[in-house]
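One structure is given here, and the rest of the page talks about it.
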Amino acid sequence: MITEIGHFALILAFALAVFQTIVPMYGAAKNDRAFMATAPLSALAQFALVSVSFAALTYAYLTSDFTVKNVYANSHSAKPLIYKISGVWANHEGSLLLWVLILTMFGAAVAVFSNNLPQTLKARVLAVQGSVSSAFLAFILLTSNPFERLSPAPIEGTGMNPMLQDPALAIHPPLLYAGYVGMSVAFSFAIAALIEGKVDAAWARWVRPWTLAAWMFLTIGISLGSWWAYYELGWGGWWFWDPVENASFMPWLVATALLHSAIVVEKRNALKTWTILLAILAFSLSLLGTFLVRSGVLTSVHAFASDPQRGVFILLILCFFVGGSLALFAWRAPTLKAGGIFAPLSREGALVINNLFLAVSAFAVLTGTLFPLVFEALTGGKISVGAPFFNTVFGILIIPLLLLIPLGPLLSWKRADVLGAMQRLWAAAAIALLVALFVMAFKERGPWGAPLGIALGVWLIAGSITEMAERTKFLRVPFSTFMARLKGLPGAAIGMTLAHIGVGVTVIGIVAITAWKVEKIVALKEGASIEIAGSTVTFVSETPSEGPNYSAETGRFDVTVDGKFVTTLYSQKRVFRPSRQPTTEVGIYPYWSGDLYVVMGDAINTGGRTVRVYFNPLAPLIWLGTVIMFIGGMVSLFDRRYRVGAPKRAKQTAMQAAE
Amino acid sequence: MRTILAALLALTFLTFPAIAVEPDEVLKDPALEARARNLSTGLRCLVCQNQSIDDSNAGLAKDLRVLLRERLVAGDSDDEAVGYIVGKYGDYVLLKPRFGFHTLFLWLGPFVLLAIGIFVLMRMRTRPVVVNRENTLSDEEKKRVQDLIKK
Chain W
481 MITEIGHFAL ILAFALAVFQ TIVPMYGAAK NDRAFMATAP LSALAQFALV SVSFAALTYA
541 YLTSDFTVKN VYANSHSAKP LIYKISGVWA NHEGSLLLWV LILTMFGAAV AVFSNNLPQT
601 LKARVLAVQG SVSSAFLAFI LLTSNPFERL SPAPIEGTGM NPMLQDPALA IHPPLLYAGY
661 VGMSVAFSFA IAALIEGKVD AAWARWVRPW TLAAWMFLTI GISLGSWWAY YELGWGGWWF
721 WDPVENASFM PWLVATALLH SAIVVEKRNA LKTWTILLAI LAFSLSLLGT FLVRSGVLTS
781 VHAFASDPQR GVFILLILCF FVGGSLALFA WRAPTLKAGG IFAPLSREGA LVINNLFLAV
841 SAFAVLTGTL FPLVFEALTG GKISVGAPFF NTVFGILIIP LLLLIPLGPL LSWKRADVLG
901 AMQRLWAAAA IALLVALFVM AFKERGPWGA PLGIALGVWL IAGSITEMAE RTKFLRVPFS
961 TFMARLKGLP GAAIGMTLAH IGVGVTVIGI VAITAWKVEK IVALKEGASI EIAGSTVTFV
1021 SETPSEGPNY SAETGRFDVT VDGKFVTTLY SQKRVFRPSR QPTTEVGIYP YWSGDLYVVM
1081 GDAINTGGRT VRVYFNPLAP LIWLGTVIMF IGGMVSLFDR RYRVGAPKRA KQTAMQAAE
Chain Z
79 MRTILAALLA LTFLTFPAIA VEPDEVLKDP ALEARARNLS TGLRCLVCQN QSIDDSNAGL
139 AKDLRVLLRE RLVAGDSDDE AVGYIVGKYG DYVLLKPRFG FHTLFLWLGP FVLLAIGIFV
199 LMRMRTRPVV VNRENTLSDE EKKRVQDLIK K
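These protein sequence lines map, in sequence, to chains W and Z. If you're matching positions, the first sequence starts at 481 in the numbering used here and goes up one per residue. If you're matching positions, the second sequence starts at 79 in the numbering used here and goes up one per residue.
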């Protein structure tokens, strides 16, 4: 019964979404207030209905109701509670329902938080939002119904991919989807602006928080996926340029560009058409990502639920939104008035360069991801494009951008004194150079360029701090004045500095793990030990154990440094029921200098086990950096200026004038 | 994102790790083993999805790893060893496609786009004022502004 309620709510939500697409759009065109006023209400109601639907599916999972086909195919009664919940979205149908849930949640949030938006703009934004959810609700209802029943009902489910039974991976999809889908708001704003024919500073100010929120989710979602790969796949790799990773990375790159170009629209009223285009592209790439993952067109480790027939439907959705929005863009963009002008050497100029490099990087990733598909379609031949290609091309494109990051914020708007800005960065450059020399002197091995890579990271951190020190006149005014200035800084400025520092921290982590990783692969019998990077790892014992839905062999490893006991690490090999699929649990001990990473492998005929021991220098910095970026986004999001809307201010002045 | 480094350097000494390499495969000579590891990250495990033979525990990947090591032990140079495997399995085995007419778009596309972008920016630079002449100051007005600023 509850399942049918869920299904019915979804059908109602679809009808409402269609209504929300047409009526407010018509109302905005005819300037009919009553019609436009339906938009927020239907957005809220739609969210409520999809929530009911999602709750119904979750209920079916929690109660292991195997009369529901989706639950039977993806769950198992012995699964721990958290994976029963995450099981809802660890499959094709459920993950699409989550997609739409988050989409309608953003729609509802726009309805609630955008009271200071002009009524026509708000109606149009929500109408576009409604059109996206109509398309996806239709997709779910027609091709991927999660509420399909099964008769007779099986006694037990077939279980969930054990690789996905992990806390990080349980929350990875919701975060990533929040990022993907969050881009829909920027997209809706862009389409609405094209229809209205008006893009101004106020528009940019409304769009930026939404883009920022989506970007934050995307950042942390990607980072979580990478961290999961690092500790779950069992060999210390953390980024594979897998098509599905690329699918999330491309929207991230474009969203990052969008965040920066929206600043130019907000502050200088320039780059409007470009910003609109980026908003369209960011969401188009999110849709493309959904298409790539959901259609199974690129089968990869992530494609745990793929069905080529559904691919055609998503492809149609993709073509409609991407083609339609780009056509609208081509038609309407020329009518947008060009805004403020600027010299090439200026803050605007720097942001344009930033956008150029980010967009081209995204294009390179896109080309590499789709090239094998297109190549096969055109020539019939097969070609591989893998990590070595991406490393080379993406690396060449991203390094100049990274080098320029500290310079940008020091340039002034309109026309900047580049030489002066560079002079102010001399301290940062000196620190980076010193660090490079220091690393060069003390490193015993590794590629010759690694110290330069570390220096790049230090340059990013020191350079970002320089800008903040400049703003607060650090060391040039009394400490109390400095503190006062620091407190007076807008959230957006602090957020930017933090985000840029985060990039530097991540770069250092990447360089260190790439250049100085130590790896030992040995056959160890119980009691034997191996030396790695100053630590002694002893294989103490292995014991069998039983988990709720798996059997495991647990290897115990004692770690000592100079004979002194440091820690005990456990590495497990699990075999899950009912699929008999094995997974590996890694033992990780974080030193300040990096992770000690122990993996117990298969048993060897001659006795003992294959043991892989790694020392991954500074590895945690990779993810720490992304967390700093996330916090930077958060600080920027809470900048007062985004909450004090332009119209409200106008009202205040009007009131003051009346007094 | 080992990219950053990858492009910074000629990454000849990088060893990428793998769950796949078994202790019995490892060559005695560390220099030779390092070369083998480096080369095997660039070779595709043909039966896997987007994995190099270095990362994969598939049987074919192991065969290729062993084959590669045999070639290196026999005294092949890096190019010869990889060439031997490409000869047997075709270009598909290369994770980094060869630069050629058929991969022109792949290799040059991004850089052509970058060049176009820079070209457009340069053009914007030469005629930014023309676009909104009516909103800008005339030369005379500019001069007056300059005079006022100087005062």
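Beta carbons: idealized from backbone N, C-alpha and C, even for Gly. Note that the coordinates shown come from a computational prediction; the quantities given were computed from them, not determined experimentally.
Is Phe843 of chain W close to chain Z, meaning its C-beta is less than 8 Å from at least one C-beta of that chain?
-> yes
What is the C-beta distance between Ala519 of chain W and Leu655 of chain W, in whole angstroms, given that I count them as a contact (C-beta under 8 Å)?
-> Incorrect: roughly 28 Å between the Cβ atoms, too far for contact.
With 16 other CB atoms within 10 Å as the buried threshold, where does Ile218 of chain Z fall?
-> A small correction: the amino acid at residue 218 of chain Z is Glu; Ile does not occupy that position in the sequence shown. Label assigned to Glu218 of chain Z: exposed.
Answer yes or no: does any C-beta atom of chain W fall closer than 8 Å to that of Asn116 of chain Z?
-> no
Buried versus exposed call for Asn835 of chain W [16 or more other C-beta atoms within 10 Å across all chains shown] | buried
According to DSSP, is Gly1081 of chain W helix, strand or coil?
-> strand
With a cut-off of 8 Å, does the C-beta of Thr1090 of chain W fall near any C-beta of chain Z?
-> yes
Within 8 Å of chain Z by C-beta, residues of the region 998-1014 of chain W in sequence order = Glu999, Ile1001, Val1002 and Ala1003
Just to confirm, are Met730 of chain W and Leu846 of chain W a CB contact at a threshold of 8 Å?
-> yes
Taking 8 Å as the CB-CB cut-off, is Val865 of chain W touching chain Z?
-> yes
To which residues of the same chain is Val208 of chain Z closer than 6 Å at the C-beta, ignoring the five residues directly before and after it?
-> Unreliable placement is indicated for Val208 of chain Z, whose pLDDT of 44 sits below 50; no coordinate value is reported for it.
Enclosing alpha helix (DSSP H) for Pro653 of chain W [first to last residue] | Pro647 to Glu676
Expressed to the nearest angstrom, what Euclidean distance is found between the alpha-carbon atoms of Val1066 of chain W and Pro814 of chain W?
-> 56 Å
Does the region 756-775 of chain W come within contact of the region 860-874 of chain W, defined as at least 3 CB pairs closer than 8 Å?
-> no
Excluding the five sequence neighbours on either side, which residues of its own chain have a C-beta within less than 6 Å of the C-beta of Asp1038 of chain W, listed in chain order?
-> Thr1018, Val1020 and Thr1048
When DSSP labels each residue in this structure, what does Arg925 of chain W get in the three-state scheme?
-> coil
Any Cβ of chain Z within less than 8 Å of the Cβ of Gly701 of chain W?
-> no
Near Pro549 of chain W, what residues of its chain come up, given a Cβ to Cβ distance below 6 Å and the 5 sequence neighbours on each side ignored?
-> Residue identity differs from the one stated: residue 549 of chain W is Lys in this sequence, not Pro. Around Lys549 of chain W: Glu628 and Leu630.
Give, in chain order, every unbroken run of the alpha helix (DSSP H) that is at least 4 residues long and sits entirely within the region 518-579 of chain W.
-> 549-554 and 561-567
Measure from the C-beta of Val207 of chain Z to each C-beta in chain W and report whether the shortest distance is under 8 Å.
-> In this predicted model, Val207 of chain Z has a pLDDT of only 45, less than 50, meaning its place in the structure is not dependable; the value taken from the coordinates is given anyway. Val207 of chain Z counts as touching chain W.
Name the one or two DSSP bridge partners that Ala433 of chain W has.
-> For chain W, the structure presents residues 481 to 1139; residue 433 of chain W sits outside this window and is missing.
With 16 as the cutoff for other CB atoms within 10 Å, does Val679 of chain W come out buried or exposed?
-> buried
Within 7 Å: the Cβ of His652 of chain W and any heavy atom of the ligand NAP?
-> Absent from the structure shown: the ligand NAP. Ligands present: none.
Identify every residue that forms a DSSP beta bridge with Lys1053 of chain W.
-> W:Glu1033 and W:Thr1064
In the structure shown, what three-state DSSP assignment does Gly1074 of chain W receive?
-> strand
For Ser1021 of chain W, the first and last residue of its enclosing beta strand (DSSP E) = Ser1015 to Glu1026
Could you check what DSSP says for Leu186 of chain Z in three-state terms: helix, strand or coil?
-> helix
DSSP state of Asn1140 of chain W, grouped into three classes?
-> Absent from the model: residue 1140 of chain W. The displayed extent of chain W is 481 to 1139, so no value can be given.
Counting only beta-carbon atoms, is Leu887 of chain W nearer than 8 Å to chain Z?
-> no
Please compile the residues from chain Z whose C-beta is within a distance smaller than 7 Å of the C-beta of Val840 of chain W.
-> Pro188, Leu191, Leu192 and Gly195
Looking at the C-beta of Lys862 of chain W, does it have a partner C-beta in chain Z at a distance below 8 Å?
-> yes
Kindly indicate if chain W contains any beta-carbon less than 8 Å away from that of Gly165 of chain Z.
-> no
Host beta strand (DSSP E) of Ser1009 of chain W (start-end) = Ser1009 to Ile1012
To which residues does DSSP link Asn1096 of chain W through a beta bridge?
-> W:Asp1075
Considering Glu628 of chain W, what are the terminal residues of the alpha helix (DSSP H) in which it resides?
-> Where Glu628 of chain W is concerned, there is no enclosing alpha helix (DSSP H), given that its DSSP letter is neither H nor E.
What is the residue span of the alpha helix (DSSP H) that Asp157 of chain Z lies within?
-> Asp156 to Tyr167
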